[in-house]
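Q: Numbering (this note's numbering), first residue to last: 94 to 287.
1. Alpha helix (DSSP H) containing residue 120: first to last residue?
2. Mind checking whether residue 146 and residue 112 have CB atoms under 8 Å apart?
3. Does the stretch 232-242 come close enough to the stretch 131-147 that 3 or more CB-CB pairs lie under 8 Å?
4. Is residue 247 helix, strand or coil when you go by DSSP?
5. Residue range of the alpha helix (DSSP H) that residue 139 falls in?
6. For residue 127 and residue 116, which I take to be in contact (beta-carbon distance under 8 Å), what is that distance rounded to the nearest angstrom?
7. Looking only at its own chain, which residues have a Cβ that is under 6 Å from the Cβ of residue 149, when we skip the five neighbours before and after it?
8. Would a check of beta-carbon distances place residue 280 closer than 8 Å to chain C?
9. If I measure Cβ to Cβ from residue 251 and keep anything under 6 Å in the same chain, skipping five residues before and after, which residues do I get?
10. In its own chain, which residues sit with a C-beta less than 6 Å from the C-beta of residue 201, not counting the 5 before and 5 after it?
11. Note down the Cα distance separating residue 188 from residue 173, rounded to an integer number of angstroms.
12. Mind checking whether residue 249 and residue 259 have CB atoms under 8 Å apart?
13. Less than 8 Å between the C-beta atoms of residue 270 and residue 224, yes or no?
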């Protein structure tokens with residue numbers, strides 16, 4: 094992006110107009126990282142404040158969405174590091190396991206209809222548990238590729254990792270997700286047969 098074409102994100106109105114269309118996607122990224130709606134909202138707000146404060150550093154090498162996702166990722170990592178310094182690793186793991194990602198695949202705002210929820214309830218819950226069990230780097234790639242339907246190139250840009258790494262994490266993440274889901278389904282079937 095040429096300097097003349099780059100939006101002046103230091104201007105509040107330009108910043109708001111540029112960021113507003115990306116808010117639902119940025120929120121979903123925050124939710125995938127935090128696995129808790131309140132924490133995701135805090136992460137979103139803190140990241141947007143940081144992006145606005147450092148708007149002059151936006152150089153236009155990527156689009157604003159990718160730039161803000163980088164800030165979100167860094168802000169999340171800093172939050173996790175701070176939390177781990179404050180609490181034991183075991184406490185952090187238990188806290189992470191306690192939260193439920195009820196809106197991960199619905200875009201954060203739409204719940205499935207009662208009929209859909211009743212039909213797919215067990216599979217839905219199993220899939221969410223399996224998704225949470227993925228390592229964070231694999232979970233992010235699966236989320237961005239399969240849920241947000243971004244290309245490998247776009248995910249590479251957002252996460253600032255090589256395309257080959259995106260492809261391998263996507264393949265491994267999907268394989269782990271499938272294996273965990275099938276194993277979970279086998280366990281459910283075995284319980285029903287007893």
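Beta carbons are placed, not taken as given, at the ideal position from N, Cα and C, and that holds for glycine.
Keep in mind that this is a model prediction, so the values were computed, not measured.
A: In short:
1. By 1-based counting over the chain shown, the position of residue 120 is 27. Its alpha helix (DSSP H) spans residues 116-127.
2. Translated into positions along the chain shown, residue 146 becomes position 53. Translated into positions along the chain shown, residue 112 becomes position 19. Contact: no.
3. no
4. Here residue 247 corresponds to residue number 154 of the chain shown, with the count starting at 1. Residue state, collapsed to three classes: helix.
5. Here residue 139 refers to the residue found at position 46 of the chain shown. Per DSSP, residue 139 belongs to the alpha helix (DSSP H) from 130-146.
6. Within the chain shown, numbered from 1, the residue matching residue 127 stands at position 34. Within the chain shown, numbered from 1, the residue matching residue 116 stands at position 23. Residue 127 to residue 116, Cβ: 16 Å. No contact.
7. Start at 1 with the first residue of the chain shown, and residue 149 comes out as number 56. Closer than 6 Å at the Cβ level, and outside the excluded window around residue 149, lie 103.
8. In the structure shown, chain C cannot be found, because there is only a single protein chain.
9. Within the chain shown, residue 251 is the residue found at index 158, counting from 1. Within the same chain, residue 251 has close Cβ partners 159, 162.
10. The residue you call residue 201 lines up with position 108 of the chain shown. The predicted model places residue 201 with a pLDDT of 44, which falls under 50 and marks its position as unreliable; any figure quoted below should be read in that light. Excluding sequence neighbours, residue 201 sits near 120, 121, 124.
11. Counting from one through the chain shown, the residue named residue 188 turns up at place 95. Counting from one through the chain shown, the residue named residue 173 turns up at place 80. In this prediction, residue 188 has a pLDDT of 41, which is less than 50 and means its spatial position is unreliable; what the coordinates show is noted afterwards. When rounded, the distance between both Cα atoms is 12 Å.
12. Against the chain shown, residue 249 aligns to sequence position 156. Against the chain shown, residue 259 aligns to sequence position 166. Result yes, Cβ atoms of residue 249 and residue 259 sit closer than 8 Å.
13. For the purposes of this step, residue 270 is identified with residue 177 of the chain shown, where counting begins at 1. For the purposes of this step, residue 224 is identified with residue 131 of the chain shown, where counting begins at 1. Taking 8 Å as the Cβ cut-off, residue 270 and residue 224 qualify as a contacting pair.
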